[in-house]
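Comments concern the structure below.
In the working numbering, the protein residues as written are 2 to 285.
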């Protein structure tokens with residue numbers, strides 16, 4: 002019997018128009034999305050009326066939200082926190098209106114060339130402040146490893162989870178981002194963060210940082226998917242193709258069908274979906 006995962010994705014990579022996003026998700030049989038760009042506007046910047054309009058379109062196309070793809074925490078560690086907390090409050094309201102408990106967040110950009118360790122206490126203080134609000138509001142913040150932030154590599158991500166220790170903070174695991182930061186993804190990064198794993202971003206990259214379809218890079222996606230099956234993982238697999246500027250697909254050993262999917266946002270999203278499906282369907 003094949004293992005059944007719940008697939009979602011950043012459908013703004015299909016098209017900026019949300020109706021076109023939903024039409025393509027319907028075509029692929031995907032019933033969740035991770036909202037980030039909505040008709041050219043960031044999900045964090047929508048007002049109540051815009052969120053209600055989005056919900057109506059979601060209902061029309063049978064689409065639900067897996068997690069809010071928010072930009073919270075994607076500011077400098079030296080930027081003021083108060084306005085950012087106001088933005089988090091806005092995003093929490095949006096999450097509730099869209100019937101999701103999950104909100105993707107980051108752990109603040111560290112000044113280039115400086116030692117992240119010098120900012121550890123400030124990062125942890127801010128993360129605790131954010132999580133305290135999440136606890137109060139009954140939502141869960143999901144920290145994503147990202148280039149340039151404090152939690153860019155697995156040990157520093159673990160620092161955050163161990164220090165905060167809250168059911169209102171989980172881990173988004175992004176293999177490609179780890180590759181781009183020089184972190185060995187599997188087994189090192191995955192095993193270190195496995196106890197905190199809540200949500201997966203499906204994105205792969207080669208050693209030079211080039212983003213490629215799942216299974217064609219150094220992100221260990223095949224081993225990770227196999228491990229998730231053994232764990233009976235019940236979280237989401239959220240496609241984040243990032244293939245928009247990728248050249249050289251023909252140099253990879255892709256099927257003829259996948260090689261035809263090179264031109265448009267919808268085609269590239271389909272390619273990412275097919276690559277993931279191929280891994281899921283492989284016999285372990």
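Note that CB positions come from ideal geometry on N, CA and C, so glycine has one too.
Residue 81 and residue 281 have their alpha carbons spaced roughly 43 Å apart.
Remark: C-beta atoms of residue 155 and residue 194 approach each other more closely than 8 Å. When DSSP states are grouped into helix, strand and coil, residue 241 belongs to the coil group.
Residue burial annotation: residue 87 is exposed, with fewer than 16 other C-beta atoms found within 10 angstroms of its C-beta. Take the alpha-carbon of residue 177 and the one of residue 63: they are about 30 Å apart. Under the rule that a run must span 4 or more residues, the alpha helix (DSSP H) segments found entirely inside the region 4–58 read 19–29. Rounded to the nearest whole angstrom, the C-alpha separation of residue 31 and residue 119 is 43 Å. In this structure, the beta-carbon distance from residue 161 to residue 128 falls below 8 Å. Comparing alpha carbon positions, the residue from 68, 19, 13, 10 closest to residue 57 is 19. As DSSP reads the structure, residue 205 sits in a beta bridge with 213.
Checking the DSSP bridge columns, you'll see residue 171 partnered with 143. Spanning the alpha carbons of residue 76 and residue 130 requires a straight line of approximately 15 Å. The residue from 148, 112, 168, 113 with its alpha-carbon nearest to that of residue 138 is 168. In the structure shown, the three-state DSSP call for residue 137 is helix. The continuous beta strand (DSSP E) containing residue 104 extends over residues 103–106. Residue environment analysis places residue 53 among the exposed positions, since fewer than 16 neighbouring C-beta atoms fall within 10 angstroms of its C-beta.
In this chain, the alpha helix (DSSP H) harbouring residue 164 covers 155–165.
In the structure shown, residue 71 adopts coil according to DSSP, grouped into three states. Less than 8 Å separates the beta-carbon of residue 239 from that of residue 200. Listed in chain order, the non-local C-beta contacts of residue 13 below 7 Å within the same chain comprise 22, 37, 38, local neighbours out to five positions each way being set aside.
Apart from the 5 residues on each side of it in sequence, residue 96 sits with its Cβ closer than 8 Å to the Cβ of 66, 69, 102, 103, 104, 140 in its chain, given in chain order. In the DSSP assignment, residue 176 falls within the alpha helix (DSSP H) that extends over 176–181.
Contact check for residue 47 and residue 89: beta-carbon distance about 14 Å, past the 8 Å limit, so the pair fails to qualify. Judged by their CB atoms, residue 33 and residue 237 are nearer to each other than the 8 Å cut-off. One thing to note: residue 233 has its Cβ no nearer than 8 Å to the Cβ of residue 218.
With contacts defined by Cβ atoms closer than 8 Å, residue 142 and residue 170 form a contacting pair.
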